[in-house]
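Here the structure is laid out as structure tokens; the discussion comes afterwards.
Residue numbers (my numbering), protein chains in the order written: chain G, 1 to 298; chain Y, 1001 to 1240.
Below is the structure:
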């Protein structure tokens, strides 16, 4: 009985009846771990997607030269691009080729729409540093001096609602992880109380023989830990299969936005640690609950 | 002069807010003594024993065990004291899913004895109580007398300084009762202090030098006059 927690003797283990996988406890933990891993995976994936979006697009601007006269539009576009290249904190200035714009608009105005007289704005993409992005009004003013028809579209502005939504969903996913962890703790408390009732007579006898609270608690926490570990691994494996299948479906959609929900290998390590964390949490809760109950005895 | 091992002074016990189950209990048990605790059913024998084996704390009074005040003893120190007391419960309280061997080995395991060091003392104890061939039997397959002997073996295997037995002969035939008494006598001769609760007063005559503590209505008397610090006679009211 004095042996360390995980190396309790065979005879010690026999002090409590029922073998492994007895009762619903491991399966309840498996279901909770399944939900926890899925939620955590969702949170990590969304967080990764949000980061991809913000690092890739949030400091980018597109300058539109909205000028009906094609010659004037071309002049203003050239001057605006030159002006942008000279500004500090501005990089990757690129005049979007007309062919690319035509390709983008083809579904709406047909092929070669711009060459058929439909006034299509000239577009210039540029990346900004954080400092330059913070002073966007100054850039707009400088560009406006050489290209009065210029309008600046800040990508961060139109991405804000989307990143906000993704952020909310990420927090929601992590909140679900915390809720399921709390539910796991509650289930362990119920299991320990039930075990206290079932094994009350044995516990009392051990107690009167001079067993310490820690000795008795060790018997229960070991059992709960093994149940939690088994349930955790089953739940994790089931969730991993679902995540892989879901990943295939997302790839098949081919959407840039959904494609951003990638899953780095480090995330798998984090998810694989969840069953261990669950077993650790269950063990701590079992010990705390058991010692608390034993302290009510003399 | 024998050293005292347990001392009760004006001990009272009350369950909840009811009347006192035990009142003004005072006596001293000598080390190596043999004591019978007698009295009718419901007199408070089991409650008194529970105080002795530290299953309860008194509502008032002083209890000293092994020269220490156990009433104010911190809870964390109680297991150490309990390991020095063997208990034979009235209902045996064997762990039903453990074999006779494992039931008897329990106190040693609680005390941290290594598995490799268990076999010899437990086997000796099984032989001592005449159950060497029943070591792997579970309690449900043992007769009442066999269960009682397992309970006794379990209570004494840790070489307790005090052995407390609650009605150990209550459920056995006279022949078995005599055998059990013989076991107790042998233990007592090895130096263990025995406190045996029974309502069978005939047992007293079978053990030489045994003292009798009689309890009735939660109060003690000392019929054999062998108790140190015997209970005082309750004051009688003067008739007006």
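Glycine included, every Cβ here is placed at the ideal spot set by N, Cα and C.
For residue i and residue j, what's the separation of their Cα atoms in angstroms?
{"i": "residue 156 of chain G", "j": "residue 164 of chain G", "result": "11 Å"}
{"i": "residue 1220 of chain Y", "j": "residue 1213 of chain Y", "result": "7 Å"}
{"i": "residue 1096 of chain Y", "j": "residue 287 of chain G", "result": "25 Å"}
{"i": "residue 1203 of chain Y", "j": "residue 1185 of chain Y", "result": "12 Å"}
{"i": "residue 300 of chain G", "j": "residue 1138 of chain Y", "result": "Nothing in the structure corresponds to residue 300 of chain G, since chain G is present only between 1 and 298."}
{"i": "residue 1218 of chain Y", "j": "residue 228 of chain G", "result": "50 Å"}
{"i": "residue 1180 of chain Y", "j": "residue 1196 of chain Y", "result": "11 Å"}
{"i": "residue 1085 of chain Y", "j": "residue 1068 of chain Y", "result": "14 Å"}
{"i": "residue 1118 of chain Y", "j": "residue 1099 of chain Y", "result": "14 Å"}
{"i": "residue 150 of chain G", "j": "residue 93 of chain G", "result": "15 Å"}
{"i": "residue 1194 of chain Y", "j": "residue 224 of chain G", "result": "40 Å"}
{"i": "residue 128 of chain G", "j": "residue 27 of chain G", "result": "53 Å"}
{"i": "residue 1005 of chain Y", "j": "residue 1062 of chain Y", "result": "14 Å"}
{"i": "residue 1105 of chain Y", "j": "residue 1136 of chain Y", "result": "12 Å"}
{"i": "residue 222 of chain G", "j": "residue 296 of chain G", "result": "22 Å"}
{"i": "residue 1033 of chain Y", "j": "residue 1215 of chain Y", "result": "18 Å"}
{"i": "residue 1198 of chain Y", "j": "residue 219 of chain G", "result": "36 Å"}
{"i": "residue 1126 of chain Y", "j": "residue 271 of chain G", "result": "53 Å"}
{"i": "residue 1044 of chain Y", "j": "residue 1036 of chain Y", "result": "14 Å"}
{"i": "residue 1041 of chain Y", "j": "residue 1189 of chain Y", "result": "29 Å"}
{"i": "residue 134 of chain G", "j": "residue 91 of chain G", "result": "15 Å"}
{"i": "residue 1222 of chain Y", "j": "residue 1038 of chain Y", "result": "10 Å"}
{"i": "residue 248 of chain G", "j": "residue 239 of chain G", "result": "14 Å"}
Which of helix, strand or coil does DSSP assign to residue i?
{"i": "residue 174 of chain G", "result": "helix"}
{"i": "residue 76 of chain G", "result": "helix"}
{"i": "residue 82 of chain G", "result": "helix"}
{"i": "residue 1026 of chain Y", "result": "strand"}
{"i": "residue 1188 of chain Y", "result": "helix"}
{"i": "residue 1173 of chain Y", "result": "coil"}
{"i": "residue 36 of chain G", "result": "helix"}
{"i": "residue 1037 of chain Y", "result": "strand"}
{"i": "residue 1099 of chain Y", "result": "coil"}
{"i": "residue 1200 of chain Y", "result": "coil"}
{"i": "residue 21 of chain G", "result": "Confidence is the limiting factor: at residue 21 of chain G the pLDDT is only 48, short of 50, which leaves the residue's position unreliable, though a coordinate-based value still follows. If DSSP states are grouped into helix, strand and coil, residue 21 of chain G belongs with coil."}
{"i": "residue 64 of chain G", "result": "strand"}
{"i": "residue 251 of chain G", "result": "helix"}
{"i": "residue 132 of chain G", "result": "helix"}
{"i": "residue 90 of chain G", "result": "strand"}
{"i": "residue 1148 of chain Y", "result": "helix"}
{"i": "residue 1090 of chain Y", "result": "coil"}
{"i": "residue 1210 of chain Y", "result": "coil"}
{"i": "residue 1123 of chain Y", "result": "helix"}
{"i": "residue 1157 of chain Y", "result": "coil"}
Please list, in chain order, the chain G residues whose beta carbon lies closer than 8 Å to that of residue i.
{"i": "residue 1080 of chain Y", "result": "210"}
{"i": "residue 1093 of chain Y", "result": "201, 204, 205"}
{"i": "residue 1083 of chain Y", "result": "209, 210"}
{"i": "residue 1107 of chain Y", "result": "209, 210"}
So which residues of chain Y does residue i contact, with C-beta pairs closer than 8 Å?
{"i": "residue 215 of chain G", "result": "1110"}
{"i": "residue 196 of chain G", "result": "Neighbours of residue 196 of chain G on chain Y: none; closest Cβ ~15 Å, over 8 Å."}
Name the chain Y residues that come within less than 9 Å of residue i, Cβ to Cβ?
{"i": "residue 298 of chain G", "result": "1054, 1055, 1056, 1057, 1075, 1078"}
If the cut is a Cβ gap below 7 Å, which residues of chain G does residue i touch?
{"i": "residue 1087 of chain Y", "result": "208"}
Just to check my reading of the structure: residue i and residue j have Cβ atoms closer than 8 Å, yes? What is that Cβ distance to the nearest angstrom?
{"i": "residue 1060 of chain Y", "j": "residue 1012 of chain Y", "result": "4 Å"}
{"i": "residue 1055 of chain Y", "j": "residue 1031 of chain Y", "result": "That pair is no contact at about 22 Å."}
{"i": "residue 1151 of chain Y", "j": "residue 1092 of chain Y", "result": "4 Å"}
{"i": "residue 215 of chain G", "j": "residue 1122 of chain Y", "result": "Contact doesn't hold; Cβ gap of about 19 Å is too wide."}
{"i": "residue 1051 of chain Y", "j": "residue 1164 of chain Y", "result": "Contact flag wrong, Cβ pair sits at about 10 Å."}
{"i": "residue 192 of chain G", "j": "residue 290 of chain G", "result": "6 Å"}
{"i": "residue 1090 of chain Y", "j": "residue 1046 of chain Y", "result": "7 Å"}
Taking C-beta pairs closer than 9 Å, name the residues in chain G that residue i reaches, listed in chain order.
{"i": "residue 1048 of chain Y", "result": "Neighbours of residue 1048 of chain Y on chain G: none; closest Cβ ~16 Å, over 9 Å."}
Any heavy atom of the ligand ZN closer than 8 Å to the Cβ of residue i?
{"i": "residue 61 of chain G", "result": "With respect to the ligand ZN, the structure offers nothing, as it holds no ligand at all."}
For residue i, would you say it is in contact with chain C, using Cβ-to-Cβ distances shorter than 9 Å as the test?
{"i": "residue 1158 of chain Y", "result": "Absence of chain C from the displayed structure is noted, the protein chains being G and Y."}
query = Counting pairs of Cβ atoms below 8 Å between the stretch 168-175 of chain G and the stretch 142-151 of chain G, do you hit three or more?
reply = Between the stretch 168-175 of chain G and the stretch 142-151 of chain G there are fewer than three inter-stretch CB-CB distances shorter than 8 Å, so the stretches are not counted as touching.
message = With a threshold of 8 Å, are at least 3 pairs of Cβ atoms found where one atom belongs to the stretch 209-217 of chain G and the other to the stretch 1077-1091 of chain Y?
response = As far as the Cβ criterion goes, the stretch 209-217 of chain G touches the stretch 1077-1091 of chain Y, which means the pair count is three or higher.
request  = Flag this pair as touching only if the stretch 195-202 of chain G and the stretch 75-93 of chain G have three or more C-beta atom pairs under 8 Å; answer yes or no.
outcome  = The stretch 195-202 of chain G and the stretch 75-93 of chain G do not touch, with fewer than 3 CB-CB distances between them shorter than 8 Å.
ask   = Counting pairs of Cβ atoms below 8 Å between the stretch 180-198 of chain G and the stretch 281-295 of chain G, do you hit three or more?
value = Output reads yes: the stretch 281-295 of chain G touches the stretch 180-198 of chain G.
ask   = Touch check for the stretch 98-107 of chain G and the stretch 69-77 of chain G: three-plus C-beta pairs under 8 Å?
value = With a cut-off of 8 Å, the stretch 69-77 of chain G and the stretch 98-107 of chain G do not count as touching, because too few Cβ pairs lie within range.
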